[in-house]
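Numbering (our numbering), first residue to last: 239 to 354. We put the beta carbon where it would ideally sit given N, CA and C, even for glycine.
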């Protein structure tokens with residue numbers, strides 16, 4: 239009887255660890271803004287895709303992230319519109335669904351909405 243209980247306990251622990259490792263939320267299409275930029279630069283349509291962003295500036299006029307691109311050709315911005323955008327602060331990690339892309343004199347602006 240003890241062996242049966244031990245086996246059941248081990249199986250339960252293994253399954254609970256496996257379920258914890260898979261996570262509950264959906265995974266973003268891009269893990270970081272520069273990863274998304276690289277895909278866009280290679281011709282991929284990133285509109286409608288999601289990206290994980292760690293805000294590097296407080297919400298101001300929608301801009302939550304900016305960085306010089308690795309090729310130093312563009313200044314990359316990520317703007318957020320809609321509900322919850324004004325609550326984003328420096329250091330917050332959010333997921334953004336891209337709705338439009340604007341190229342403005344060596345700036346590329348990805349605009350999107352927050353994903354819950």
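- Item | Pairwise C-alpha distance: residue 343 and residue 276 | 18 angstroms
- Identity of the residues DSSP links to residue 338 by a beta bridge: 349
- Task: With a cut-off of 8 angstroms on the beta carbons, I'd call residue 266 and residue 289 a contact; round off their distance for me.
- Result: 6 angstroms
- Item | Pick from 321, 348 and 338 that is closest to residue 313, judged by C-alpha positions | 348
- residue 313 by DSSP, collapsed to three states: which one? strand
- Message: Run through the DSSP bridge pairs and tell me what residue 292 is partnered with.
- Response: 331
- Run of the beta strand (DSSP E) containing residue 304, from where it starts to where it stops: 301-306
- Message: Please state the DSSP three-state secondary structure of residue 280.
- Response: coil
- Whole-angstrom Cβ separation of residue 353 and residue 316, contact assumed at under 8 angstroms? The pair is not a contact, with the Cβ atoms about 13 angstroms apart (cut-off 8 angstroms).
- Starting from the C-beta of residue 274, find all residues in its chain whose C-beta is less than 6 angstroms away, skip the five residues before and the five after it, and write them out in chain order. 268, 284 and 289
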